[in-house]
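Chains as they are written, first to last, in the numbering used here: chain U, 1 to 273; chain Y, 1001 to 1142.
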C-alpha cells in the first residue's frame, strides 16, 4: 500500500516538476535591478550642463557613484551594468536617445576569472545603434554578440532573441540623470570562459567618433577617473541551472519518502521490503 | 496465494519507481547535454527572420569554420538601397560563433525587402560569402 502511495506521489511530483520546467518562461527575471557601485565616485571630465559635449558626461562626484551594477537570480541569470549620464540644460546638450549622433559610443569594461570583456553601445544616428559584447582573446578584442535596434525608445529593454545581451537607454532630463544599462547573460559569460564570482577591472567610458570596437574614437569621459572598481556576485557564474534543480527535486522527494516509509529501507537504488 | 500476488504487486511498484528514477536521471543527463552542445556545431552560417508583432527581427549566427582568426563584414540593406546596418566583426577565433540580432520596425503599409550580406574580411566586396533576402509585410497586408 505504501509502495503504491510512494509511486503515485513520485509520479505526481515528476509530472508537476516536468510541467513547471516546460512552462517556465525563458526570460523570467532577465533585467536585474541595479544599485550604486562603490569605487565609481569620480570621473575624468566634467562638462557644463549647457555644453554640447554634456551627453558624454558620466555623472559622478565625491558622493555620487557614476556606475551601478546588479544581478538577478532567476533563470537564466544575468548581470547588469549601468552608467549615469549628466543632466543638461536643454535637449541638445543632455543625453537623449533621439538626438544621439553617429559615433557616440558608451563602453563598460570588466573581467571575470581573468577573462576580459567589453560591452558597448554605438549610435549610428538618433534612436538607432548597436550594442556589442567583446571578449579579449590573444591580446585583441573579439566580437561575440551584437544587437542592433532600428528605432530605440527611451526606457525600453531590447535584447537578443536568446537573451545573451540587452540594453536600455534612458533620456536625461533637466532634473534626473540619463543612463545606459547593459545586461549580459551569466550563462553566456560562462560559455566564454568566465568563472567564479569576482568581477574586477570595472570602468566605463564615453567616446565620440567611435567605430564600434572598444577604445576607438575620442575619449570624452571615464568613470572612475583612474583605476577600477570591483564587485562580488552573489553566486558564481553561472548559478546551478534551475531546470536541473527542478528535475533533481523529485529524486530527492522519492528518496526522502522511501527513507521515512515504515518497513522500507532505501539506500541509493536498493529497496528491500 | 494472497502473499504471492502482494509480492508481485510490490515488485511491479518497485519497477515503476526505478523507471521514474531512470527517467529523471535521463532527463537530467539530456538537460546537461543540451546545455553543453550547440545547435550551430555543423553549420557555418545560420540566418533567419523572426516575425514578432511590430518588431520583426533578423538574426544570424556565424561560425568561423576555418583554422585562423578572421574578420567579417556584414551589410543589411532595405529595399536594396538604404543601408540599415553595417559593421565589422573582428577577430573571430577558429570554431567560435558570432551572434547578430537586428530589431526592425514593421512597415505601416505595403512590404519592404531586407537583404543581408556577409563578407569575409574587412570590406564589402563583390562576392558575399552569404546573401539572403526577406520580405517583411505590413500587418494589415499579411
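Note that beta-carbon positions come from the ideal geometry of N, C-alpha and C, so glycine has one too.
For residue 187(U), the enclosing alpha helix (DSSP H) begins and ends at 186-191. In this structure, the beta-carbon distance from residue 93(U) to residue 54(U) falls below 8 Å. Of all residues in the region 132-163 of chain U, only 137, 140, 141, 142, 143, 144, 145, 146, 147, 148, 149, 150, 151, 158, 160 and 161 come within less than 7 Å of chain Y when Cβ atoms are compared, listed by chain position. One alpha carbon belongs to residue 218(U), the other to residue 1107(Y), and they sit about 36 Å apart. For residue 193(U), no Cβ of chain Y is located within less than 8 Å of the residue's own Cβ. The beta carbon of residue 1071(Y) sits closer than 7 Å to the beta carbons of 1088, 1089, 1090, 1091, 1121 and 1122 from its chain, once the five residues preceding and following it are set aside; these are given in chain order. At a C-beta separation below 7 Å, residue 1104(Y) has these neighbours in chain U: 150. For residue 52(U), the number of other beta carbons within 10 angstroms of its own is below 16, and it is reported as exposed.
Taking 8 Å as the upper bound for CB-CB distance, residue 66(U) and residue 58(U) are in contact here, some 5 Å apart. Contacts between residue 1089(Y) and chain U, judged by CB atoms closer than 8 Å, involve 143 and 146 in chain order.
Shown here for residue 204(U): same chain residues with a beta carbon closer than 8 Å to its own, the five before and five after excluded, namely 40, 58, 66, 67, 81, 83, 106, 107, 108, 109, 222 and 223 in chain order.
Per DSSP, the unbroken beta strand (DSSP E) holding residue 231(U) starts and ends at 229-237.
Here residue 134(U) is buried, its C-beta having at least 16 other C-beta atoms within 10 Å.
One thing to note: residue 196(U) has its Cβ within 8 Å of the Cβ of residue 113(U). Among the bridge pairs identified by DSSP, residue 57(U) is matched with none. For residue 183(U), none of the residues of chain Y pass the 8 Å Cβ criterion, the least Cβ distance being about 14 Å.
Contact residues of the region 203-218 of chain U toward chain Y are 212 and 213 (C-beta to C-beta distance below 7 Å). The C-beta separation of residue 1099(Y) from residue 1061(Y) comes to about 5 Å, placing the pair in contact by the 8 Å criterion.
Taking C-alpha positions only, residue 128(U) is separated from residue 1138(Y) by approximately 21 Å. Chain-order list of chain Y residues neighbouring residue 172(U): empty, with the shortest C-beta distance near 23 Å, by a criterion of under 8 Å. With respect to chain U, the C-beta atom of residue 1118(Y) has no partner C-beta closer than 8 Å. Between the alpha carbons of residue 1047(Y) and residue 73(U) lies a distance of about 31 Å.
With a cutoff of 8 Å on beta-carbon distance, residue 1057(Y) and residue 1102(Y) are scored as near each other. Residue 118(U) sits away from residue 250(U), with the two beta carbons spaced by 8 Å or more.
Distances from the CA of residue 29(U) to each of 63(U), 77(U) and 148(U) were compared; the closest alpha carbon is that of 77(U).
Contacts with chain U at 8 Å (Cβ-Cβ) do not include residue 1126(Y). With the criterion set as a beta carbon lying under 7 Å from some beta carbon of chain U, the members of the region 1047-1064 of chain Y are 1050, 1057 and 1059, in sequence order. Residue environment analysis places residue 1004(Y) among the exposed positions, since fewer than 16 neighbouring C-beta atoms fall within 10 angstroms of its C-beta. Nearest Cα to residue 126(U) within the set 171(U), 206(U) and 60(U): 171(U). Residues of chain Y with a Cβ closer than 7 Å to the Cβ of residue 250(U) are, in chain order, 1024. Residue 1118(Y) and residue 1045(Y) do touch by the CB rule: their CB atoms are close to 7 Å apart, below 8 Å.
With respect to chain U, the C-beta atom of residue 1084(Y) has a partner C-beta closer than 8 Å.
Of 1134(Y), 1069(Y), 1031(Y) and 1022(Y), the smallest CA-CA separation from residue 1111(Y) is found for 1134(Y). For residue 1100(Y), the chain U residues whose Cβ falls inside 7 Å of its Cβ are 146, in order along the chain.
Against residue 254(U), the close residues of chain Y are 1017, 1020, 1021 and 1024, in the order they occur along the chain (beta-carbon pairs closer than 9 Å).
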